[in-house]
Structure formats: C-alpha cells, structure tokens
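Inspection log for the structure reproduced underneath, given as structure tokens.
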Amino acid sequence: MRTSVKLLIAVAILAGVGFAAYKPTMDYLAKRNRPVWRTASVEQGKIISVVNSTGTVKPKLRVAIGSFVSGPILELHCDFNQEVKQGDLLAKIDPRIYKANVSRDTAAVANRKADVFRVEAQLL
C-alpha cells in the first residue's frame with residue numbers, strides 16, 4: 100500500500116507541475132504568433148527611389164552617326180545624350196589637312212598643265 104500511495108503522490112505532483120506550466124506556455128505561444136504593429140505620424144517629404152541592378156544596359160534606339168571626312172575635332176556643338184535633329188552641326192573638324200591636300204592637288208594640276216604646254220611646244 101505504501102508504494103501505491105507514493106505512486107499516487109508522484110502522479111499528483113506531476114499533474115500539478117504540468118497544470119502550472121500549461122497556462123504560461125499557452126500565453127507565450129499566443130503572444131509569439133501575434134503580429135507586431137508600429138505606428139508613425141504621416142509626414143510630407145521627398146520620395147527617393149533607388150534601383151540597384153546588375154546586367155547590361157541596352158538603348159531603346161541605336162543610331163549610327165558619322166562624317167564624310169575624319170580628323171581632329173576643333174569644336175563640339177552637342178553634349179552626350181543631347182537630342183539633335185537631322186542636319187544639326189555636331190562637331191567642326193580641323194580643315195587644315197584638307198586645305199593642304201587641295202593646295203597640293205592644285206599645284207599638281209598646274210604642273211600637269213605646264214607639262215602639256217611644254218609637250219605642245221616641242222611638237223610644233
């Protein structure tokens with residue numbers, strides 16, 4: 100009989116401990132799953148939008164721009180990403196190289212004309 104009384108007391112103690120631990124455990128679990136709200140007053144301010152991304156930027160439209168001649172640029176009349184129209188002057192190329200070529204070719208033509216006059220004079 101003594102062992103059954105000891106067993107009954109042990110079961111009663113375990114039941115009491117379980118009942119005492121049940122309520123705080125249920126309260127903790129109920130509070131743990133509850134959403135937490137944070138409130139703030141409404142203020143007017145600037146909207147800042149930042150986009151961080153990786154990859155390659157591709158243009159909507161690609162336009163080939165070129166010139167009939169090449170050379171050093173003296174003046175640049177447009178800026179990067181500036182909108183331009185057809186016929187707008189974008190840059191002025193240094194004309195000294197081409198003026199020298201014209202002078203050289205003019206001298207060559209005059210030289211050939213002199214050769215023609217010399218040959219005609221020898222034939223007569």
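Under the numbering used here, think of the first position of the sequence shown as 100, with each following residue one higher.
Idealized CB from N, CA, C, for every residue including glycine.
Computed from a predicted structure; not experimentally measured.
**Study point:** Residues near L173 in its chain [Cβ-Cβ closer than 6 Å; skip 5 each side]
**Key:** K191, D193.
Check your understanding: Mind checking whether V162 and Y197 have CB atoms under 8 Å apart?
Key -> Contact flag unset, no.
Check your understanding: Going by C-alpha distance, which of G186, K157, L128, R195 is nearest P171?
Key -> The option with the nearest alpha carbon to P171 is R195.
Exercise for review: Have a look at the DSSP bridge pairing and note the partners of A190.
Suggested key: Note: A190 sits in a beta bridge opposite L175.
Review point. Could you give the uninterrupted runs of the alpha helix (DSSP H) lying entirely in the region 119 to 149, keeping only those of 4 residues or more?
Key: Residue ranges of uninterrupted alpha helix (DSSP H) with 4 or more members are absent from the region 119 to 149; none lies entirely inside it.
Review point. Where does the unbroken alpha helix (DSSP H) through E219 begin, and where does it stop?
Key: Element bounds for E219: 195 to 222.
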